[in-house]
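Taking it in order: structure first as structure tokens, then the write-up.
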Amino acid sequence: MSEAKAAADRLVKAKRLNALLTPPKELRKSLAAQAAAARPTGVLYGMPVAVKDNICTLEFTTTCGSKILEGYRSPYEATVITKLKAAGALIAGKTNCDEFAMGSSTEHSAYGRALHPLDKARVPGGSSGGSAALVAAGAVPAALGSETGGSVRQPASFCGVVGIKPTYGRVSRYGLVAFGSSLDQIGVFGRSVHDAARVLSVISGRDPRDATCEDRDPLRLPTVPESLQGFVIGLPREYFPADLDPAVRRACDRAVRLMKELGAAVREVSLPHTAYAVPTYYVIAPAEASSNLARYDGVRYGPRFNGAGDIRALYRATRGAGFGPEVRRRILVGTYVLSAGYYDAYYGRAQQMRALVAQDFRNAFDRGVDLLFTPTTPTPAFKAGEKVNDPVAMYLSDIFTVTANLAGLPALSLPIGRVKGLPIGGQFIGQAFLEDEMLEAAYALERAVPATEEA
Amino acid sequence: MPPAQAWETIIGLETHVQLRTVSKMFCGCSAAFGAAPNTHVCPVCLGLPGALPVPNGEALKLAVRAALALECTVHAKSVFARKNYFYPDLPKGYQISQYEQPLATNGSLSFLAPERGLVTATIVRLHVEEDAGKSLHDRFPKATAVDLNRAGVPLIEIVTGPDFRSPQEARAYLQTLKQVLEYIGISDCDMEKGSLRVDANVSVRRAGESALGTKTEVKNINSFAYVEKALGVERDRQIAVLEAGGSLEQQTMLYDAKDNAVRPQRSKEESHDYRYFPEPDLPPLVLTDEFVAEQQSLLPELPGKKRDRFVAQYGLSREHAAVLTASRAVADYYESVVHAGADQQTAANWVMTEVLADAKDHQEQLRVSAPALSQLIALVKGGTLSHQAAKRVFVEVAARGGDPRTVAESLGVIQVADSGVVAGWVSDVLAAHPQEVARYRNGEVKLLQFFVGQVMKASRGKADPKLAQKVLEEKLAA
Chain A
190 MSEAKAAADR LVKAKRLNAL LTPPKELRKS LAAQAAAARP TGVLYGMPVA VKDNICTLEF
250 TTTCGSKILE GYRSPYEATV ITKLKAAGAL IAGKTNCDEF AMGSSTEHSA YGRALHPLDK
310 ARVPGGSSGG SAALVAAGAV PAALGSETGG SVRQPASFCG VVGIKPTYGR VSRYGLVAFG
370 SSLDQIGVFG RSVHDAARVL SVISGRDPRD ATCEDRDPLR LPTVPESLQG FVIGLPREYF
430 PADLDPAVRR ACDRAVRLMK ELGAAVREVS LPHTAYAVPT YYVIAPAEAS SNLARYDGVR
490 YGPRFNGAGD IRALYRATRG AGFGPEVRRR ILVGTYVLSA GYYDAYYGRA QQMRALVAQD
550 FRNAFDRGVD LLFTPTTPTP AFKAGEKVND PVAMYLSDIF TVTANLAGLP ALSLPIGRVK
610 GLPIGGQFIG QAFLEDEMLE AAYALERAVP ATEEA
Chain B
9 MPPAQAWETI IGLETHVQLR TVSKMFCGCS AAFGAAPNTH VCPVCLGLPG ALPVPNGEAL
69 KLAVRAALAL ECTVHAKSVF ARKNYFYPDL PKGYQISQYE QPLATNGSLS FLAPERGLVT
129 ATIVRLHVEE DAGKSLHDRF PKATAVDLNR AGVPLIEIVT GPDFRSPQEA RAYLQTLKQV
189 LEYIGISDCD MEKGSLRVDA NVSVRRAGES ALGTKTEVKN INSFAYVEKA LGVERDRQIA
249 VLEAGGSLEQ QTMLYDAKDN AVRPQRSKEE SHDYRYFPEP DLPPLVLTDE FVAEQQSLLP
309 ELPGKKRDRF VAQYGLSREH AAVLTASRAV ADYYESVVHA GADQQTAANW VMTEVLADAK
369 DHQEQLRVSA PALSQLIALV KGGTLSHQAA KRVFVEVAAR GGDPRTVAES LGVIQVADSG
429 VVAGWVSDVL AAHPQEVARY RNGEVKLLQF FVGQVMKASR GKADPKLAQK VLEEKLAA
């Protein structure tokens, strides 16, 4: 199986990025076995797909970048993995990520930070930074990530690849280790819109094991459009603030100009509750996380740290030693906002605000806008260590991405230029379950935009 | 102990009932009781990373039927919620339950209270949830073992208002509730197996006061027999504290059946803030009118209605009707006996005595078929069998089967109405008791029944007692 060997070689060559958590030997052995067993008729036959380490696989450990799941082997695999295998794809190892997907830089991994493939002093973004870095480095054509607040689009933007977050309910979450269940969605990275879309199409569709997954057929891929004639693209003014990085603004302006040239009508719109999205997100996501992460108690699986005395001591010792500081912070915040006496003031109000954020989008779409176009992130990839001790600065790097998670909408980031060699991403946000329209626009812009040129 | 009349006891009950489903609430694992530990488990009920719950449609049907039988308003939309707490037998660190928007609210259940007659308890809410696993503290020395077979088994919780005024009333309500739930077949309601569990909120106040006193929650009542005892002990404890000028603390009390006492739960264990919030893994539960109507159509006649109908239709007393409708199987059996032609009151007498006694000794099986009992009753009515003989035939048919006439013949208990044969037994009896004959002839006529009894004995029950009496009178007068 020389293809399997070539795929393994490419991944091993990218080892310096610390983007892959799977040891080379295990990877080689598994890829060879998988290639021998893969269905030749599958639409992804032989395609290596790296998988974020918070998606359960039978092949490798699933640690979520956490010490608390060190060595954990899932006895079952995620629905998306089963679907990938059925399509002939090869599960090409597990990728590094922020612990339990909490972070925007892949610095919060218990297994060391992943590096940006173009500048090792910088972060690849996160939380799915390992997947983004591997695709950007050419180690795999596509990879799976997961999104709760931008964890696919933000690293895609930083690394200069395509990242898609589908509509909430488009892809089964069964086997995705939960962070914020009402926000979580598995997403894909690809070197091109088409690579990412092909994988998305395979993993999408109904799943009787996930009650929040819509009863719909898999996504059908659109053809590449000749033009953007008939498309109305909305530019939400809240996503182009005065202090936006000038290079990011220049790249967006150029992309907008190109879309106009392709026949799209462009309109400024307003999404007035955008400013509340990050605070809303940082109530809801930690609240759900505090509950989702309660199961890691050292009783049934994962390492157990015995504290002195009773069961409570065991919990404290295991959770205290097993979770990193960012996870602990979010569990504390989440526990607090759900507590008696605080629930209404925080969680209750956040839910109301979430509804308003979603309503903003509906209003824009009701006024005839097909798609929104925005920068994916306020800045290009930042330096390692720059924000790791400043949680709020870190959180604000998701300012343009969390809204789509709160509203459950599909969104996509694609490279639209560079600044000082660092990629800049542009984002489309589409209407629920209209990924095909979003992909058409992305195909058209991808062909037109000089993605690797300075903006 | 102070006079209890000076105090009024207020009790509300929270009852957990395990639904009778094949599989668990949110996964396909078997919900059966009694399997080897941790064999009915899967990624979902083990709470493995990444696993997700999917509601069991059958459990929802049973829950809705229970809600309808308790005359609740079943809500078109209800919401699952997470109840968060840490415990080793709770694999996810939360229990999926319902909180702010339960499946059903505002129902009622009427029951016969020992002192107050017919009382209607309010069903405040009825909601669906999953069970936790079991912690076994006595299996291994110095270690707790966890069995997760029960984790995820479907439950409903039925919460009443503070409607009971004595432990006896609480028990009477529970018995009626159990009867209704058994009637509709949603649960086996076996307290010993844990498929029916009850917690009680208890408070007392001085007679005539209208505000409720400080309540405690009594838990760990593991058997029907303990309901009255546990609540009585807690009531007495509260009264004693207040009589002594003390004040009560709102706390959870655990009942210990071994020494019939209640003890406060360690406060560390009860200081839970469950941090309920809507379960994001499950969309709101939406029930269509058609679904609810279908469950309604599947409800059988409920015990209260059936009892009233038995009084009206079969001319039975209320008490007899209550006995006969206590279980659906017995009620159906009684009606079959009547429909097979037996007299209504006679059939009732037979069912309430012989049939129920036999059932009690044989795992509640009704071993004599309804047509057979009807035939047996007809044989007595037609004079073929004495009542005494019929009881023997009943026992024989119950044990070995067969048709009552054939069994009666083989036992040789068919009544003999041949005056010649009876006269022979009479002569034998009179010859054997010359002193009694002399006393009778001296005016001691009440000895006639003695002679009848002796004739029955001599004939081993076969003599027609009326004929025997007639022949005796004739011979003694001669």
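Protein sequence lines correspond, in order, to chains A and B.
Each residue of the first sequence is one higher than the one before, counting from 190 in this note's numbering.
Each residue of the second sequence is one higher than the one before, counting from 9 in this note's numbering.
Ideal Cβ placement from N, Cα and C applies to all residues, glycine included.
Asked, Found
"Straight-line gap, Ser195 (chain B) to Gly58 (chain B) (C-alpha atoms, nearest Å)", "31 angstroms"
"Val127 (chain B) versus B:Asp171, B:Ala40, B:Ile192, residue with shortest Cα-Cα distance", "B:Asp171"
"Reduced DSSP category for Asp139 (chain B) - H, G, I as helix; E, B as strand; rest coil", "coil"
"Below-8 angstroms beta-carbon distance, Gly260 (chain A) vs any chain B residue", "no"
"Beta strand (DSSP E) segments (min. 3 residues) lying fully within the segment 94–153 of chain B", "102–106, 112–121, 125–138, 142–148"
"Helix, strand or coil at Met360 (chain B) according to DSSP, with G and I counted as helix", "helix"
"Within-8 angstroms CB hit, Leu545 (chain A) to chain B", "no"
"Secondary structure of Val235 (chain B), DSSP reduced to three states", "helix"
"Nearest-angstrom Cβ-Cβ length linking Ala644 (chain A) and Gly606 (chain A), presumed shorter than 8 angstroms", "3 angstroms"
"Candidates A:Val388, A:Tyr584, A:Pro330, A:Arg362, of which the one nearest Arg518 (chain A) by Cα", "A:Tyr584"
"In chain order, each alpha helix (DSSP H) run of at least 4 residues that lies wholly inside the segment 225–282 of chain A", "268–275"
"Residues bridged to Arg607 (chain A) (per DSSP)", "A:Pro612, A:Glu643"
"Chain B contacts made by the segment 489–514 of chain A, where a contact means CB separation under 7 angstroms", "Arg489, Ile500, Tyr504"
"Between the CA atoms of Leu389 (chain A) and Tyr504 (chain A) - distance to the nearest angstrom", "39 angstroms"
"Partner residues on chain B for Cys286 (chain A), Cβ-Cβ distance less than 7 angstroms", "Residues of chain B passing the Cβ test: none, with the nearest at roughly 14 angstroms."
"Residues near Ala121 (chain B) in its chain [Cβ-Cβ closer than 6 angstroms; skip 5 each side]", "Val127, Glu177, Ala180"
"Distance CB(Val235 (chain B))-CB(Pro175 (chain B)) smaller than 8 angstroms", "yes"
"Counterpart residues of Ile166 (chain B) in DSSP-defined beta bridges", "B:Thr23, B:Leu134"
"Span separating the alpha-carbon of Leu455 (chain B) from that of Ile422 (chain B)", "26 angstroms"
"Ala406 (chain B) to Asp366 (chain B) span [Cα, whole Å]", "8 angstroms"
"Ser203 (chain B) and Gln26 (chain B) closer than 8 angstroms at C-beta", "yes"
"Three or more C-beta pairs below 8 angstroms linking the segment 399–413 of chain A and the segment 345–361 of chain A", "yes"
"Which listed residue (B:Asp351, B:Val345, B:Gly390) has its alpha carbon closest to that of Val376 (chain B)", "B:Val345"
"Residues within the segment 518–541 of chain A neighbouring chain B, beta-carbon criterion of under 8 angstroms", "Thr524, Leu527, Ser528, Ala529, Tyr532, Tyr536"
"Chain B residues whose Cβ lies nearer than 7 angstroms to that of Asp404 (chain A)", "Simply none; closest approach about 11 angstroms."
"Tyr342 (chain B): contacting residues in chain A (beta-carbon distance under 7 angstroms)", "None at all; the shortest Cβ gap to chain A is about 46 angstroms."
"Residue range of the alpha helix (DSSP H) that includes Val210 (chain B)", "That residue, Val210 (chain B), is in no alpha helix (DSSP H); its beta strand (DSSP E) goes 204–214."
"Selection from B:Thr17, B:Glu482, B:Glu66, B:Ala485 that minimises the alpha carbon distance to Asp244 (chain B)", "B:Thr17"
"Gly169 (chain B) vs Ala233 (chain B) beta-carbon contact at 8 angstroms", "no"
"Three-state secondary structure assigned by DSSP to Met261 (chain B)", "strand"
"Integer-rounded CB distance, given that Val351 (chain A) should sit under 8 angstroms from Ala326 (chain A)", "Between Val351 (chain A) and Ala326 (chain A) the Cβ distance is about 15 angstroms, and since that is not below 8 angstroms, they are no contact."
"Test item: CB-CB of Leu200 (chain A) and Ala328 (chain A) under 8 angstroms", "yes"
"Cβ-based burial, His500 (chain B) [other Cβ within 10 Å; buried from 16]", "Nothing about residue 500 (chain B) can be read from this structure; chain B reaches only from 9 to 486."
"Proximal residues to Val167 (chain B) (C-beta, below 6 angstroms), its chain only, five neighbours per side dropped", "Glu22, Val132, Arg133"
"Gly428 (chain B) - containing alpha helix (DSSP H), residue span", "427–440"
"Assumed close pair Pro96 (chain B), Val154 (chain B) - CB separation to whole angstroms, cut-off 8 angstroms", "5 angstroms"
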